[in-house]
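For reference, the structure discussed in these notes is given below.
There are 2 protein chains.
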Amino acid sequence: MSLRYALLALLEVGPLTGYDLQKQFAVSVGHVWHAPDSQIYPELRKMEADGLIEAEVIPWGNQGRKRQYHATEAGVRTFVDWMNAPLSYSRVRDPAHLRAAYLEWATPDAARGFLRGHIRHHREQLDQWVAELHAIDSLTNPMLVRRLAVTAEKDRRKTVAFKRFTYEGLIAQAENEIAWANRGLEILGEFDSPE
Amino acid sequence: MSLRYALLALLEVGPLTGYDLQKQFAVSVGHVWHAPDSQIYPELRKMEADGLIEAEVIPWGNQGRKRQYHATEAGVRTFVDWMNAPLSYSRVRDPAHLRAAYLEWATPDAARGFLRGHIRHHREQLDQWVAELHAIDSLTNPMLVRRLAVTAEKDRRKTVAFKRFTYEGLIAQAENEIAWANRGLEILGEFDSPE
DNA sequence: GAAAACATGTAACCGGTTACATGATTCT
DNA sequence: AGAATCATGTAACCGGTTACATGTTTTC
Numbered sequence: 153m154s155l156r157y158a159l160l161a162l163l164e165v166g167p168l169t170g171y172d173l174q175k176q177f178a179v180s181v182g183h184v185w186h187a188p189d190s191q192i193y194p195e196l197r198k199m200e201a202d203g204l205i206e207a208e209v210i211p212w213g214n215q216g217r218k219r220q221y222h223a224t225e226a227g228v229r230t231f232v233d234w235m236n237a238p239l240s241y242s243r244v245r246d247p248a249h250l251r252a253a254y255l256e257w258a259t260p261d262a263a264r265g266f267l268r269g270h271i272r273h274h275r276e277q278l279d280q281w282v283a284e285l286h287a288i289d290s291l292t293n294p295m296l297v298r299r300l301a302v303t304a305e306k307d308r309r310k311t312v313a314f315k316r317f318t319y320e321g322l323i324a325q326a327e328n329e330i331a332w333a334n335r336g337l338e339i340l341g342e343f344d345s346p347e
Numbered sequence: 153m154s155l156r157y158a159l160l161a162l163l164e165v166g167p168l169t170g171y172d173l174q175k176q177f178a179v180s181v182g183h184v185w186h187a188p189d190s191q192i193y194p195e196l197r198k199m200e201a202d203g204l205i206e207a208e209v210i211p212w213g214n215q216g217r218k219r220q221y222h223a224t225e226a227g228v229r230t231f232v233d234w235m236n237a238p239l240s241y242s243r244v245r246d247p248a249h250l251r252a253a254y255l256e257w258a259t260p261d262a263a264r265g266f267l268r269g270h271i272r273h274h275r276e277q278l279d280q281w282v283a284e285l286h287a288i289d290s291l292t293n294p295m296l297v298r299r300l301a302v303t304a305e306k307d308r309r310k311t312v313a314f315k316r317f318t319y320e321g322l323i324a325q326a327e328n329e330i331a332w333a334n335r336g337l338e339i340l341g342e343f344d345s346p347e
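Here the protein sequences come in this chain order: D and Y.
Note that our numbering gives residue 254 to position 102 of the first sequence, counting from 1, and the numbers run on in steps of one.
Note that our numbering gives residue 310 to position 158 of the second sequence, counting from 1, and the numbers run on in steps of one.
Set out below in structure tokens:
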């Protein structure tokens with residue numbers, strides 16, 4: 153159910169089309185919440201039906217049309233209420249750690265492949281997040297710039313601080329996973345080349 | 153789709169009823185993969201239909217009956233194949249970090265509550281995992297003991313090593329989240345009591 | 001004129017969540 | 001006799017995934 157809050161978060165800053173939102177999900181918000189376009193467009197319609205957002209149909213070229221959405225008062229309220237409500241945690245479902253727990257069933261090669269894949273995956277995430285952190289610091293993230301433009305001067309530092317905080321957390325997560333997998337490779341080595 | 157592999161992992165060790173499996177999901181495997189009974193029983197039936205497991209109907213008391221499942225040859229093969237296949241990673245969907253990214257919308261109290269809740273949640277997880285790690289080291293985890301009983305002597309160290317490895321990883325994750333949330337509380341403090 | 005980008009969806013499926021539902025056995 | 005535990009499900013719903021589907025506009 154967080155998709156709608158992720159969408160609302162983006163729409164708090166200013167009106168966007170489904171396509172704009174979709175692109176944001178490929179970069180900024182997408183770093184913490186992924187959603188494909190096939191989910192975004194129907195969700196926007198539902199949110200519109202629920203009165204959280206409103207669309208303005210804008211002509212685009214000769215025949216083209218696009219729907220530009222903006223948050224309504226109710227939408228802002230809903231978003232703020234969610235931000236102030238306690239977060240509910242879903243139960244653990246962690247394929248990588250599930251596999252690790254039974255790794256003695258894999259061949260040594262497959263086990264090594266799994267751990268290297270884990271490192272590769274988190275290295276890729278890490279690279280993205282580090283780049284995003286730089287974009288925050290250098291103010292080259294367009295959504296953040298737009299956000300700051302509509303934020304009172306006194307709240308700007310805070311806004312930037314939370315964005316940094318988020319990405320620092322994600323970076324620490326990725327580094328942690330990489331360190332864990334490397335430790336796993338060491339353990340594998342102990343059993344592969346025993347002496 | 154990992155539920156069936158989690159179930160197979162448990163059934164590799166020896167026959168269990170749906171109820172036995174369900175209890176394991178409340179403790180050991182449940183630490184990495186949660187599943188409610190309403191999901192376990194139907195999944196077992198599907199696995200039986202797919203020939204991965206077989207049930208033996210055992211009388212229980214005067215009229216009671218229970219179905220004790222064991223992995224078939226095909227079941228073992230399927231499990232081993234999964235263990236040797238590359239793991240596919242699903243896209244990020246992280247409610248806590250999503251919220252953190254827009255935490256300036258929450259009241260200072262709600263923000264503090266969110267971070268404290270994050271710490272509480274991961275502290276609870278941490279406690280469970282630390283206890284589990286002790287149960288591994290002291291060989292008081294019944295499933296592990298059963299597992300070791302059917303494992304060749306030379307593979308026992310390896311089996312225990314991977315279990316430890318898994319829980320060390322989970323513990324590091326939890327500690328990481330707690331450290332992150334504490335850092336968030338510090339940041340909050342800077343903005344709440346500025347001078 | 002072709003390719004890239006803009007724009008917006010539908011549909012089938014699947015795994016997981018929540019709530020409901022029931023009955024037997026064993027322990028105290 | 002009552003509580004705890006053992007035992008096994010069904011059903012409605014919902015969020016997310018994957019595949020499919022289509023047309024316009026802008027840029028090169």
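In this text, a Cβ means the ideal position worked out from N, Cα and C, and glycines have one as well.
Closer than 8 Å to chain Y by CB, residue i
i        : result
Leu163/D : no
Val297/D : no
Met199/D : no
Lys310/D : yes
Ile323/D : no
Lys315/D : yes
Leu239/D : yes
Short CB-CB distance (under 8 Å) between residue i and chain D
i        : result
Asp307/Y : yes
Glu256/Y : yes
Val244/Y : yes
Arg229/Y : no
Ala248/Y : yes
Trp332/Y : yes
Ser154/Y : yes
Cβ neighbour criterion (16 or more within 10 Å) applied to residue i
i        : result
Gln215/Y : exposed
Gln174/Y : buried
Arg217/D : exposed
Arg251/Y : buried
Gly227/Y : buried
Ile210/D : exposed
Ser180/D : buried
Glu225/D : exposed
Ala223/Y : buried
Gln191/D : exposed
Glu338/Y : exposed
Contact set for residue i: own chain, Cβ-Cβ below 6 Å, skip 5 residues either direction
i        : result
Arg299/D : Val165
Gly336/Y : Leu267
Arg308/D : Leu300
Asn293/D : Ala287
Glu208/Y : Gln220
Trp212/Y : Lys218
Tyr319/Y : Trp281, Glu284 and Leu285
Ala158/D : Val181 and Trp185
Ile271/Y : Ile330 and Ala333
Phe177/D : Ala187
From the options, residue whose alpha carbon lies closest to that of residue i
i        : options                                   : result
Tyr171/Y : Leu196/Y, Met153/Y and Glu342/Y           : Leu196/Y
Ala324/Y : Phe317/D, Trp332/D and Gly321/D           : Trp332/D
Lys198/Y : Asn328/Y, Thr169/Y, Ala253/Y and Arg156/Y : Arg156/Y
Gly203/Y : Val209/Y, Asn293/Y and Leu160/Y           : Leu160/Y
Ala258/D : Tyr319/Y, Lys310/Y and Phe343/Y           : Lys310/Y
Trp281/D : Leu322/D, Arg243/D and Pro238/D           : Leu322/D
Arg243/D : Ala304/Y, Thr169/Y, Ile192/Y and Gln277/Y : Gln277/Y
Phe317/D : Trp234/Y, Ala253/Y, Gln191/Y and Met153/Y : Ala253/Y
Pro167/D : Gln191/D, Leu255/D, Glu206/D and Ser154/D : Glu206/D
Trp234/D : Glu338/D, His273/D and Ser154/D           : Ser154/D
Ser240/D : Thr230/Y, Pro238/Y, Glu256/Y and His273/Y : His273/Y
Phe231/D : Glu305/D, Leu162/D, Asn328/D and Glu338/D : Leu162/D
Glu256/D : Gln176/Y, Lys306/Y and Pro194/Y           : Lys306/Y
Gly269/Y : Pro238/D, Tyr193/D and Arg229/D           : Pro238/D
Residues near residue i in its chain [Cβ-Cβ closer than 8 Å; skip 5 each side]
i        : result
Arg275/Y : Ala326 and Ile330
Leu340/Y : Pro260, Ala263, Arg264 and Leu267
Glu200/Y : Glu206, Ala207 and Tyr221
Residues near residue i by beta carbon distance below 7 Å, same chain, minus five either side
i        : result
Asp189/D : Gln174
Phe343/Y : none
Val297/D : Leu291
Thr303/Y : Thr311
Lys133/Y : As displayed, chain Y neither begins before 153 nor continues past 347, which places residue 133/Y out of reach and without an answer.
Handout entry: Stretch pair the stretch 236-255 of chain D + the stretch 175-195 of chain Y: three plus CB contacts closer than 8 Å
Key = Yes, they touch.
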